[in-house]
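> One structure, as structure tokens, below. Some questions next.
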Amino acid sequence: MSHFESPLREPLITGNKTWKKITDDIVVNTTGDIKPLWLIATLISAAVAAFGVFCIGWEVCYGIGTWGANKTVGWAWDITNFVWWIGIGHAGTLISAILLLFRQKWRTGVNRAAEAMTIFAVVCAGLFPVFHMGRVWDAFFIFPLPNTRGPLWQNFNSPLLWDVFAISTYFSVSLLFWYTGLVPDFGTIRDQAKPGSIRWKIYNVLSFGWVGEAKHWERWESLSLILAGLSTPLVLSVHTIVSFDFATSIVPGWHTTILPPYFVAGAIFSGFAMVLTLMLVARKVMNLEDYITIAHVESMNKILLLTGSMVGTAYLTELFVAWYSGSMYEQYAFANRALGPLAWSYWTMMFCNLIFPQFFWSKKLRRSIAFTFFTSIVVNIGMWFERFVIIVTSLYRDYLPSSWIDYRPTWVEVGIYVGTGGIFMTLFLLFSRFFPVVAIAEVKSILKISGDQARAEQWDEVKDDDVYKTLEK
Amino acid sequence: MSAKKLLVGIFDDDHTLIHAIEHIRHDGYKVGEVFTPFPVHGLEHALGLRPTKLHTAGFMFGATGTTFALSFITWVSTLSYPNNFGGKPFFSLPSWIPITFEMTVLFAAWGMTLSFYYLCKLYPGKQPKIVDPRTTDHLFSMTFDLDGKDEAYIEKLSSLLKAQGAIEVYIKEL
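Residue numbers (this note's numbering), protein chains in the order written: chain B, 3 to 475; chain Y, 105 to 278.
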């Protein structure tokens, strides 16, 4: 028998599935004719992405002067977007790595898509610092490559260089983790195709010739577990290091020790919001309601509530510490954020991140698809404003009042940002059409424990126990 | 490579499969290979597989990454290109920890993953020997090498497999 799990827990797979049915349900999304809705969405995304590429080209040709960044606001939209995208990526690693270590079975329904989202988000994030360099053809200077420019090396004490290593390691390790998970599922898709057909050949190349030998599975599980163990501290380190970019400077409003945990919580918060935005659409369009159930949505909403409250606590702590520090510059930075000319952005952030997720104390709202979707959008916006507040409102009023300056983004900056949204969506749509969106093998492995039939069986086993009788009432 | 003759037993349940393997191995038969659509826990014990040493390899790769990062940064910052950053010592270990950590993770992850594909002999473009395509879907299979075995052996093993709950037993040349 499979091990006992309380029948009071909600099933994670509904609709009386069998292993065969799981394969069919997931593989069907990669076969058949291309749906017009998908095609339209992909073309629009690709067009937006193309506009973004055009704006990047414009910036490369004419220089950073095409942006609104100026003498004190050197980091503006660009780094805001960088931190925003990196943060979004964090949910995928959290779901795939941390929830694997904690043996949370609900991760299996959403981990594949969330990991894909991580990779695409990091791709978008990486563009920003690279093109912020201006002379992008010299971008390789950030890597310690052997060179003939004298013995000229990077400053290994700089958080900006730490970031180079953190982001590139994060991207490549996430890619390995994601792809190794995909290999058995590509094997499944291949074996559903006609042997020798083009489709069979393509998926065979993607599957690396996977056939599911017992020894391979054993190694695969060991590898997944250790990659999860490595990714967990990695994901925490990445946003910690991103926060060091700010925290190790002496800019009022940035120079605080709370930044690393506050950034990590905020990253998970915004990432889960993006996972919800995408998955609520995907489960509907791709008929995955039996795999991404209301129970999954509720679990993610609980994380949203937790991390939202953590971020909110950090906002309030910052205010307190600014007052308590006795430093007039620190106090001014926060007073200016809350009451200055850009106060609207501060209060948008407060409302979206601290106040709005508190509705999730209500179970009814946590389980409402429409409300969850709306909240996920609100949180995405709120977290963008958080980075905008941290960056722009700390910089536009410098120590010296004669340097005070207003900041307005130009169409090039906005275009690059919108363009990364297009790149992200194009990649995600391609992924959802050609790759298994739900981890087939992993969902199969929990069917006997967390499927609805298993719950019914376990209920039959215990329904006569006194403790369950009282609960039933 | 010449074709290999295999006896294939197909099962439709993971628990039946594990019990069958235990029983058949107890009777002295050598199980060739087992194919499953998802990782089945307890299978490696039933088959008596040696626990994988992949994690040890991971540790070694990680340690290599740590050593490489620390020694390289030390060489750059103290010998090749010593610079005065805010009056701090050339050898400033604490601020090198982030990069050392990232390099440890990078080496361990890549080293382990490449070792995994190397050990399993999986690579893009490999032509797999698929015993039964349904084993990546919903069925489980067990194969036995029939080279040099007589009819009596095949018959005895077939009936044993069926008695242990195999839903299909057939011979396949691969």
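Ideal placement from N, C-alpha and C gives every residue a C-beta, glycine not left out.
(1) Along the chain, where does the beta strand (DSSP E) that runs through residue 178 (chain B) open and close?
(2) Work out the CA separation of residue 269 (chain Y) and residue 121 (chain Y) for me, nearest whole Å.
(3) To the nearest angstrom, how far is the alpha carbon of residue 423 (chain B) from that of residue 240 (chain B)?
(4) Determine the direct distance from the alpha carbon of residue 264 (chain B) to that of residue 258 (chain B), and round the result to whole angstroms.
(5) Across which residues does DSSP place residue 300 (chain B) in a beta bridge pair?
(6) Between which two residues does the beta strand (DSSP E) holding residue 442 (chain B) run?
(7) What are the residues of the segment 149–175 of chain Y that lie near chain B, defined by any Cβ-Cβ distance shorter than 7 angstroms?
(8) Based on Cα-Cα distance, which residue from B:372, B:407, B:349, B:419 lies nearest to residue 387 (chain B)?
(9) Cβ of residue 146 (chain B) less than 8 angstroms from any chain Y Cβ?
(10) Which residues in chain Y sit within 7 angstroms of residue 236 (chain B), going by Cβ to Cβ distance?
(11) Please list, in chain order, all residues of the same chain as residue 87 (chain B) whose beta carbon is under 6 angstroms from its beta carbon, the five residues on each side excluded.
(12) List the residues of chain B whose Cβ lies closer than 7 angstroms to the Cβ of residue 188 (chain Y), in chain order.
(13) If the cut-off is 9 angstroms on Cβ atoms, which residues from the segment 105–120 of chain B count as contacting chain Y, listed in chain order?
(14) Taking C-beta pairs closer than 8 angstroms, name the residues in chain C that residue 213 (chain B) reaches, listed in chain order.
(15) What runs of the alpha helix (DSSP H), each 4 residues or longer, lie entirely inside the segment 303–380 of chain B?
(16) Take residue 11 (chain B) as the anchor and find which of B:461, B:469, B:359 has the nearest alpha-carbon.
(17) From the DSSP output, which residues share a beta bridge with residue 138 (chain Y)?
(18) Does the Cβ-Cβ distance between residue 103 (chain B) and residue 190 (chain B) come in under 8 angstroms?
(19) So for residue 252 (chain B), helix, strand or coil by DSSP?
(20) When we look at the beta-carbon of residue 447 (chain B) and count the other beta-carbons within 10 Å, is it buried (16 or more) or exposed?
(21) Mind pulling the chain B residues with CB within less than 8 angstroms of residue 143 (chain Y)?
(22) I'd like to know whether the C-beta of residue 438 (chain B) is nearer than 8 angstroms to at least one C-beta of chain Y.
(23) Tell me where the beta strand (DSSP E) around residue 10 (chain B) begins and ends.
(24) Do you know how far the Cα of residue 144 (chain Y) is from the Cα of residue 265 (chain Y)?
(25) Between the C-alpha atoms of residue 427 (chain B) and residue 164 (chain B), what's the straight-line distance to the nearest angstrom?
(26) Round the Cβ separation of residue 22 (chain B) and residue 449 (chain B) to the nearest angstrom and send it over; I've been treating them as touching at under 8 angstroms.
(27) How is residue 274 (chain Y) classed by DSSP in three states: helix, strand or coil?
(28) Quick check: what's the CA-CA separation for residue 194 (chain B) versus residue 435 (chain B)?
(29) According to the Cβ coordinates, are residue 116 (chain B) and residue 99 (chain B) closer than 8 angstroms?
(30) Could you check where the beta strand (DSSP E) with residue 115 (chain Y) kicks off and where it finishes?
(31) Just tell me which of B:74, B:301, B:294, B:254 has its CA closest to the CA of residue 406 (chain B).
(32) Out of B:310, B:39, B:30, state which residue places its alpha-carbon closest to the alpha-carbon of residue 351 (chain B).
(33) For residue 294 (chain B), which three-state DSSP category applies?
(34) Report the residue from Y:249, Y:180, Y:237, Y:271 whose alpha carbon sits nearest the alpha carbon of residue 114 (chain Y).
(35) Can you name, in chain order, every residue of its own chain whose Cβ lies under 8 angstroms from the Cβ of residue 258 (chain Y), other than the five neighbours on each side?
Taking the coordinates as given:
(1) Counted from its first residue, the first sequence places residue 178 (chain B) at position 176. It is not in any beta strand (DSSP E) - residue 178 (chain B) instead sits in the alpha helix (DSSP H) that spans 161–194.
(2) Taking the first residue of the second sequence as 1, we reach residue 121 (chain Y) at position 17. Taking the first residue of the second sequence as 1, we reach residue 269 (chain Y) at position 165. C-alpha separation (whole angstroms): 8 angstroms.
(3) The count along the first sequence starts at 1 and reaches residue 423 (chain B) at position 421. The count along the first sequence starts at 1 and reaches residue 240 (chain B) at position 238. The straight-line gap from Cα to Cα measures roughly 22 angstroms.
(4) Residue 258 (chain B) sits at position 256 when you count from the first residue of the first sequence. Residue 264 (chain B) sits at position 262 when you count from the first residue of the first sequence. When rounded, the distance between both Cα atoms is 10 angstroms.
(5) Position 298 of the first sequence holds residue 300 (chain B). For residue 300 (chain B), which the question treats as bridged, DSSP gives no partner whatsoever.
(6) Counting from 1 along the first sequence, the entry for residue 442 (chain B) is found at position 440. Note, residue 442 (chain B): premise wrong, no beta strand (DSSP E); alpha helix (DSSP H) at 442–452.
(7) 151, 153, 156, 158, 159, 162
(8) Counting from 1 along the first sequence, the entry for residue 387 (chain B) is found at position 385. The shortest Cα separation from residue 387 (chain B) among B:372, B:407, B:349, B:419 belongs to B:349.
(9) Against the first sequence, residue 146 (chain B) aligns to sequence position 144. Yes, because at least one Cβ of chain Y sits closer than 8 angstroms to the Cβ of residue 146 (chain B).
(10) Start at 1 with the first residue of the first sequence, and residue 236 (chain B) comes out as number 234. By Cβ distance, chain Y contributes 209.
(11) Here residue 87 (chain B) refers to the residue found at position 85 when the first sequence is read from its first residue. So the qualifying residues of the chain are 123, 126, 127.
(12) Counting from one through the second sequence, the residue named residue 188 (chain Y) turns up at place 84. The contacting residues do not exist; residue 188 (chain Y) stays about 11 angstroms from chain B at best.
(13) none
(14) Structure shown: chain C not included; protein chains present are B and Y.
(15) 330–341, 345–351, 365–368
(16) Walking along the first sequence from the start, residue 11 (chain B) turns up at place 9. The option with the nearest alpha carbon to residue 11 (chain B) is B:461.
(17) By 1-based counting over the second sequence, the position of residue 138 (chain Y) is 34. Residue pairing by DSSP places residue 138 (chain Y) opposite Y:246 in a beta bridge.
(18) In the first sequence, counting from the first residue as 1, residue 103 (chain B) sits at position 101. In the first sequence, counting from the first residue as 1, residue 190 (chain B) sits at position 188. In this structure, residue 190 (chain B) does not lie closer than 8 angstroms to residue 103 (chain B) by Cβ.
(19) Here residue 252 (chain B) corresponds to residue number 250 of the first sequence, with the count starting at 1. Three-state result, residue 252 (chain B): coil.
(20) The sequence position of residue 447 (chain B) within the first sequence is 445, counting from 1. Buried, since its Cβ has 16 or more Cβ neighbours within 10 Å.
(21) The residue you call residue 143 (chain Y) lines up with position 39 of the second sequence. Result: 219, 220, 222, 223, 443, 447.
(22) The residue given as residue 438 (chain B) occupies position 436 in the first sequence. With its beta carbon at least 8 angstroms from every one in chain Y, residue 438 (chain B) lies outside the interface.
(23) Reading the first sequence from its first residue, position 8 is the one you call residue 10 (chain B). Element bounds for residue 10 (chain B): n/a, residue is neither H nor E.
(24) For this step, residue 265 (chain Y) is matched to residue 161 along the second sequence. For this step, residue 144 (chain Y) is matched to residue 40 along the second sequence. Rounded to whole angstroms, residue 265 (chain Y) to residue 144 (chain Y) spans 19 angstroms at the Cα level.
(25) Translated into positions along the first sequence, residue 427 (chain B) becomes position 425. Translated into positions along the first sequence, residue 164 (chain B) becomes position 162. The alpha-carbon atoms of residue 427 (chain B) and residue 164 (chain B) are separated by roughly 29 angstroms.
(26) The residue labelled residue 22 (chain B) in the question sits at position 20 within the first sequence. The residue labelled residue 449 (chain B) in the question sits at position 447 within the first sequence. Incorrect: roughly 11 angstroms between the Cβ atoms, too far for contact.
(27) Taking the second sequence and counting its residues from 1, one reaches residue 274 (chain Y) at position 170. In this structure, residue 274 (chain Y) counts as strand in the three-state DSSP scheme.
(28) As a first step, residue 194 (chain B) must be located in the first sequence, where it is residue number 192. As a first step, residue 435 (chain B) must be located in the first sequence, where it is residue number 433. Near 16 angstroms, if we compare the C-alpha coordinates of residue 435 (chain B) and residue 194 (chain B).
(29) Your numbering for residue 116 (chain B) matches position 114 in the first sequence. Your numbering for residue 99 (chain B) matches position 97 in the first sequence. No, the pair does not count as a contact, with Cβ atoms beyond the cut-off.
(30) If you number the second sequence from 1, residue 115 (chain Y) lands on position 11. Counting along the chain, the beta strand (DSSP E) containing residue 115 (chain Y) begins and ends at 109–115.
(31) What you label residue 406 (chain B) is simply residue 404 of the first sequence in a count that begins at 1. For the residues B:74, B:301, B:294, B:254, the minimum Cα distance to residue 406 (chain B) belongs to B:74.
(32) Indexing the first sequence from 1 puts residue 351 (chain B) at position 349. Checked all of B:310, B:39, B:30; the closest Cα to residue 351 (chain B) is B:310.
(33) The residue given as residue 294 (chain B) occupies position 292 in the first sequence. In this structure, residue 294 (chain B) counts as coil in the three-state DSSP scheme.
(34) Position 10 of the second sequence, counted from the start, is the residue given in the question as residue 114 (chain Y). Of the listed residues, the one whose Cα sits closest to residue 114 (chain Y) is Y:271.
(35) Stepping through the second sequence from its first residue, residue 258 (chain Y) is reached at position 154. Within the same chain, residue 258 (chain Y) has close Cβ partners 111, 250, 275.
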